[in-house]
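Working notes, beginning with the structure itself.
Chains as they are written, first to last, in this note's numbering: chain Y, 3 to 326; chain E, 14 to 98.
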């Protein structure tokens with residue numbers, strides 16, 4: 003890490019003990035006092051965010067009052083389930099595995115998505131894998147528009163720009179995954195009289211990188227005020243297993259592994275953190291560039307992404323409008 | 014500049030219909046789509062698909078830049094060059 007990025011990282015430094023104390027008090031207040039629920043349900047993906055939320059909930063409510071849910075589907079990486087189990091075991095908390103594949107098959111999630119992929123890659127079929135990606139930061143001046151990457155059973159990859167209809171159809175189909183998981187979480191919340199703890203971090207929450215009524219839905223969001231690097235700091239302090247803290251974050255939504263950077267952030271998460279911090283505090287692109295180890299043009303581009311993401315997030319986060 | 018006039022009119026009709034939901038609220042030919050917030054990443058995809066289908070052109074990844082696509086006037090100028098070439 004360069005001295006400049008170290009200076010940038012210092013801006014986001016938190017005291018994990020103090021922060022944990024604050025969050026734990028907030029979880030107790032929300033679950034027991036505000037909602038009068040007996041505990042919390044946490045859907046654990048094996049990623050850093052949901053792991054930290056599970057650890058915080060156990061610390062706040064006790065392991066007997068936290069229900070960990072592991073909800074793989076047929077395209078999930080096997081690692082997700084293994085790491086999710088590792089979280090539950092580390093916490094000695096109750097966990098249940100709910101395979102959501104049959105729900106997704108019933109909703110024709112895979113079928114709808116595959117048909118949309120075939121609109122731009124006609125040969126896409128049995129045994130193929132896909133993901134959708136954005137251009138990277140090297141394409142600084144270009145619009146961020148989505149392409150699909152496919153991999154044939156023989157390992158041949160192809161990248162094709164998506165048509166608007168195909169893009170919307172792929173997103174609408176894959177969003178079933180997050181919504182099916184949330185449905186299961188609320189099933190357990192009803193069953194146990196628990197509240198649902200959501201797992202978005204600040205980047206996801208503020209920029210709308212979640213599915214409305216999917217992973218965006220929750221009764222409480224314990225880490226939605228924390229930048230991703232702060233979540234990592236908390237994870238280390240809470241004792242989240244190193245294996246979870248050191249893996250590269252993925253969306254685990256498409257059959258081909260898709261990093262969060264290529265799906266929506268387009269720059270490394272530490273830099274995205276600093277750009278969001280910079281925008282929130284009205285720090286100019288040139289000044290932030292020095293702190294983030296980026297050039298000013300790149301920062302301007304990310305600021306642009308943040309502005310449009312915030313606009314889109316308004317709809318995603320809006321409660322229903324009571325008309326009349 | 015008849016081409017530009019026709020193009021401007023056609024593109025404006027598409028923008029008003031798709032991004033302003035039929036309400037032409039004084040959106041200017043030089044107004045930035047991104048700055049005004051009327052076009053998001055899905056909107057750019059829609060705009061590109063419309064231009065390719067309407068004018069029988071292929072827009073390369075390198076051409077997907079605001080200079081070419083961020084206002085009605087930029088699009089008209091970009092199309093002028095593209096169709097002339």
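In this text, a Cβ means the ideal position worked out from N, Cα and C, and glycines have one as well.
Keep in mind it's a predicted model, so treat the numbers as computed, not measured.
Closest Cα partner of residue i within the set the options
i, options, result
"residue 53 (chain Y)", "Y:39, Y:38 and Y:71", "Y:71"
"residue 14 (chain Y)", "Y:232, Y:174 and Y:248", "Y:232"
"residue 76 (chain Y)", "Y:271, Y:176, Y:242 and Y:137", "Y:176"
"residue 162 (chain Y)", "Y:173, Y:284, Y:136 and Y:250", "Y:136"
"residue 218 (chain Y)", "Y:321, Y:164 and Y:247", "Y:321"
"residue 82 (chain Y)", "Y:144, Y:214, Y:45 and Y:227", "Y:45"
"residue 45 (chain E)", "E:55, E:28 and E:19", "E:28"
"residue 275 (chain Y)", "Y:257, Y:288 and Y:228", "Y:228"
"residue 170 (chain Y)", "E:55, E:47 and E:23", "E:55"
"residue 111 (chain Y)", "Y:97, Y:91, Y:172 and Y:165", "Y:172"
"residue 90 (chain Y)", "Y:78, Y:166, Y:199 and Y:60", "Y:60"
"residue 69 (chain Y)", "Y:323, Y:164 and Y:189", "Y:189"
"residue 248 (chain Y)", "Y:258, Y:237 and Y:257", "Y:237"
"residue 97 (chain E)", "E:35, E:78, E:68 and E:22", "E:68"
"residue 113 (chain Y)", "Y:174, Y:73 and Y:214", "Y:174"
Beta-carbon contacts of residue i that lie in its chain and below 6 Å, excluding the five residues immediately before and after
i, result
"residue 95 (chain E)", "70"
"residue 126 (chain Y)", "119, 120 and 152"
"residue 25 (chain E)", "85"
"residue 33 (chain Y)", "39, 42 and 197"
Spatial neighbours of residue i in its chain, beta-carbon cut-off 7 Å, leaving aside the 5 residues before and after
i, result
"residue 37 (chain Y)", "197 and 221"
"residue 209 (chain Y)", "308, 311, 312 and 315"
"residue 65 (chain Y)", "93, 94 and 95"
"residue 281 (chain Y)", "305 and 308"
"residue 59 (chain E)", "31"
"residue 103 (chain Y)", "75 and 76"
Buried/exposed call for residue i, threshold 16 Cβ in 10 Å
i, result
"residue 304 (chain Y)", "buried"
"residue 87 (chain E)", "buried"
"residue 3 (chain Y)", "For residue 3 (chain Y), the pLDDT reaches just 43, beneath the cut-off of 50, and the residue's location in the model is therefore unreliable, leaving the point undetermined."
"residue 133 (chain Y)", "buried"
"residue 67 (chain Y)", "buried"
"residue 43 (chain Y)", "buried"
"residue 73 (chain E)", "exposed"
"residue 2 (chain Y)", "Because chain Y here runs from 3 to 326, residue 2 (chain Y) falls outside it and cannot be looked at."
"residue 273 (chain Y)", "buried"
"residue 155 (chain Y)", "exposed"
"residue 157 (chain Y)", "exposed"
"residue 16 (chain E)", "With a pLDDT of 48 at residue 16 (chain E), under the threshold of 50, the modelled position of that residue is not reliable, and no figure is offered here."
"residue 2 (chain Y)", "Residue 2 (chain Y) falls outside the range modelled here, since chain Y spans only 3 to 326, and no answer is possible."
"residue 5 (chain Y)", "Residue confidence for residue 5 (chain Y) is low, a pLDDT of 45 falling below 50, so the modelled location carries little weight; the figure read from the coordinates is stated next. Exposed."
"residue 201 (chain Y)", "buried"
"residue 83 (chain E)", "buried"
"residue 43 (chain E)", "exposed"
"residue 27 (chain Y)", "exposed"
"residue 191 (chain Y)", "buried"
"residue 289 (chain Y)", "exposed"
Cβ-based neighbour list, residue i, same chain, cut-off 8 Å, excluding 5 preceding and 5 following
i, result
"residue 168 (chain Y)", "118, 119, 121, 122 and 150"
"residue 33 (chain E)", "40 and 51"
"residue 216 (chain Y)", "177, 179, 180, 181, 183 and 184"
"residue 239 (chain Y)", "18, 19 and 22"
"residue 49 (chain E)", "40"
"residue 78 (chain Y)", "254"
Rounded Cβ spacing between residue i and residue j (contact assumed at less than 8 Å)
i, j, result
"residue 88 (chain Y)", "residue 299 (chain Y)", "Rounded, the Cβ-Cβ distance is 41 Å, inconsistent with contact."
"residue 294 (chain Y)", "residue 10 (chain Y)", "5 Å"
"residue 22 (chain Y)", "residue 63 (chain Y)", "Not a contact, Cβ separation roughly 14 Å."
"residue 182 (chain Y)", "residue 105 (chain Y)", "5 Å"
"residue 278 (chain Y)", "residue 212 (chain Y)", "Actually they do not touch by this definition, with Cβ atoms about 15 Å apart."
"residue 224 (chain Y)", "residue 55 (chain Y)", "5 Å"
"residue 62 (chain E)", "residue 166 (chain Y)", "5 Å"
"residue 35 (chain Y)", "residue 203 (chain Y)", "Actually they are not in contact, since the Cβ atoms of residue 35 (chain Y) and residue 203 (chain Y) sit about 25 Å apart, beyond 8 Å."
C-alpha gap between residue i and residue j, whole angstroms
i, j, result
"residue 159 (chain Y)", "residue 255 (chain Y)", "18 Å"
"residue 8 (chain Y)", "residue 85 (chain E)", "43 Å"
"residue 185 (chain Y)", "residue 178 (chain Y)", "10 Å"
"residue 129 (chain Y)", "residue 49 (chain Y)", "26 Å"
"residue 101 (chain Y)", "residue 147 (chain Y)", "32 Å"
"residue 270 (chain Y)", "residue 302 (chain Y)", "15 Å"
"residue 57 (chain E)", "residue 17 (chain Y)", "42 Å"
"residue 64 (chain E)", "residue 92 (chain E)", "9 Å"
"residue 297 (chain Y)", "residue 144 (chain Y)", "16 Å"
"residue 226 (chain Y)", "residue 90 (chain E)", "44 Å"
"residue 29 (chain Y)", "residue 243 (chain Y)", "22 Å"
"residue 291 (chain Y)", "residue 80 (chain E)", "24 Å"
"residue 80 (chain Y)", "residue 230 (chain Y)", "24 Å"
"residue 108 (chain Y)", "residue 325 (chain Y)", "34 Å"
"residue 37 (chain E)", "residue 323 (chain Y)", "25 Å"
"residue 115 (chain Y)", "residue 12 (chain Y)", "43 Å"
"residue 53 (chain E)", "residue 187 (chain Y)", "32 Å"
"residue 164 (chain Y)", "residue 207 (chain Y)", "26 Å"
"residue 257 (chain Y)", "residue 18 (chain E)", "47 Å"
"residue 77 (chain E)", "residue 35 (chain E)", "25 Å"
"residue 124 (chain Y)", "residue 259 (chain Y)", "21 Å"
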